[in-house]
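As numbered in our numbering, residues 154 to 356 make up the sequence shown, in order. Beta carbons are placed, not taken as given, at the ideal position from N, Cα and C, and that holds for glycine. Remember, it's a predicted structure, so these values are computed and weren't measured experimentally. What follows is a single structure, written as structure tokens, with notes after it.
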Amino acid sequence: MKHPLQIGVTGGIGSGKSVVCTVFKALGIPVYEADERAKWLTEHDPILKADIKRVLGTDAYSPSGTYNRAWVASQVFTDPALLAALNAVIHPRVFADTAAWVNEHADKPYVVKEAALMNQAAGDGNTLTKIIVVQAPVALRIQRIRKRDPHRSDAEIQNIIDRQLSDEARLRLADYVIENDERQLLLPQIIRLHEDFLQQAGI
Numbered sequence: 154m155k156h157p158l159q160i161g162v163t164g165g166i167g168s169g170k171s172v173v174c175t176v177f178k179a180l181g182i183p184v185y186e187a188d189e190r191a192k193w194l195t196e197h198d199p200i201l202k203a204d205i206k207r208v209l210g211t212d213a214y215s216p217s218g219t220y221n222r223a224w225v226a227s228q229v230f231t232d233p234a235l236l237a238a239l240n241a242v243i244h245p246r247v248f249a250d251t252a253a254w255v256n257e258h259a260d261k262p263y264v265v266k267e268a269a270l271m272n273q274a275a276g277d278g279n280t281l282t283k284i285i286v287v288q289a290p291v292a293l294r295i296q297r298i299r300k301r302d303p304h305r306s307d308a309e310i311q312n313i314i315d316r317q318l319s320d321e322a323r324l325r326l327a328d329y330v331i332e333n334d335e336r337q338l339l340l341p342q343i344i345r346l347h348e349d350f351l352q353q354a355g356i
């Protein structure tokens, strides 16, 4: 079976990676939103639900079967070993789900995977062909998050940014960089990459 190129899109909170992915969708390219999909799987995948209960106990789900996200976050926040155990059951299910999704789109020249966390394209048994990093100055990112989530304090926003990969570390993963700094036009940067990927796919 022919496989499409798999392009990863990542960036810190407020960088605008979702906006970039919306443009790829408008160009007819399927986008897999890994973080949203992981949330969906924790609610709907029976194998994953059983594994999460094994790691965290039955309190991980409400009596009606809803994933108790706030409670889980409070358990793993100060316990790196428990977080690692939770990730060890979630990641393989997301990986299998992604592989099935890629097969569904085997007729496409390339597909895009959006995720906040990403390893290097060629490493860690990962199937990505190339990685795009979307970046923007921190002050602008804070401004965007404040507008999007007015209930978050500046301290909370800064805390999220501090917990994420640094811009320097993220750039080390990048095969391509999209500057979403409101000084350079976004669309031409994305169109240029789109044309490049079509060429790489032999179209």
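Bridge partners - residue i, DSSP secondary structure assignment
| i | result |
| --- | --- |
| Gln-288 | Glu-332 |
| Thr-163 | Val-286 |
| Lys-266 | Gly-161, Tyr-185 |
Euclidean distance between Cα positions of residue i and residue j
| i | j | result |
| --- | --- | --- |
| Ala-249 | Leu-270 | 17 Å |
| Leu-281 | Val-264 | 10 Å |
| Arg-362 | Asn-312 | Since the first and last residues shown for the chain are 154 and 356, residue 362 lies out of range. |
| Asp-188 | Asp-212 | 22 Å |
| Arg-222 | Ile-200 | 18 Å |
| Gly-164 | Ile-243 | 21 Å |
| Ala-354 | Lys-283 | 12 Å |
| Pro-233 | Asn-240 | 10 Å |
| Ile-298 | Val-225 | 24 Å |
| Ala-327 | Val-162 | 9 Å |
| Ala-252 | Ile-310 | 33 Å |
| Leu-194 | Leu-236 | 17 Å |
| Ala-238 | Gly-210 | 13 Å |
| Leu-351 | Asp-260 | 13 Å |
| Tyr-214 | Leu-318 | 29 Å |
| Leu-158 | His-258 | 10 Å |
| Leu-338 | Cys-174 | 15 Å |
| Glu-196 | Asp-307 | 31 Å |
| Glu-186 | Gln-296 | 23 Å |
Outcome for residue i when other beta-carbon atoms lying within 10 angstroms are tallied against a minimum of 16
| i | result |
| --- | --- |
| Thr-219 | exposed |
| Arg-336 | exposed |
| Arg-325 | exposed |
| Leu-340 | exposed |
| Asn-333 | buried |
| Pro-408 | Since the first residue shown for the chain is 154 and the last is 356, residue 408 is missing from the structure and cannot be characterised. |
| Thr-231 | exposed |
| Arg-316 | exposed |
| Ala-289 | buried |
| Lys-202 | buried |
C-beta atoms of residue i and residue j nearer than 8 Å
| i | j | result |
| --- | --- | --- |
| Val-286 | Val-330 | yes |
| Ser-171 | Glu-267 | yes |
| Ile-356 | Pro-262 | yes |
| His-156 | Val-255 | yes |
| Ile-343 | Val-176 | yes |
| Ile-160 | Ile-314 | no |
| Ala-322 | Val-247 | no |
Practice item. Tell me, please, whether the segment 172 to 187 touches the segment 341 to 355 by the rule of three or more beta-carbon pairs shorter than 8 Å. Key: yes
Review point. Using 8 Å as the threshold, is the segment 302 to 319 in touch with the segment 198 to 214, meaning 3 or more CB pairs across them?
Key: no
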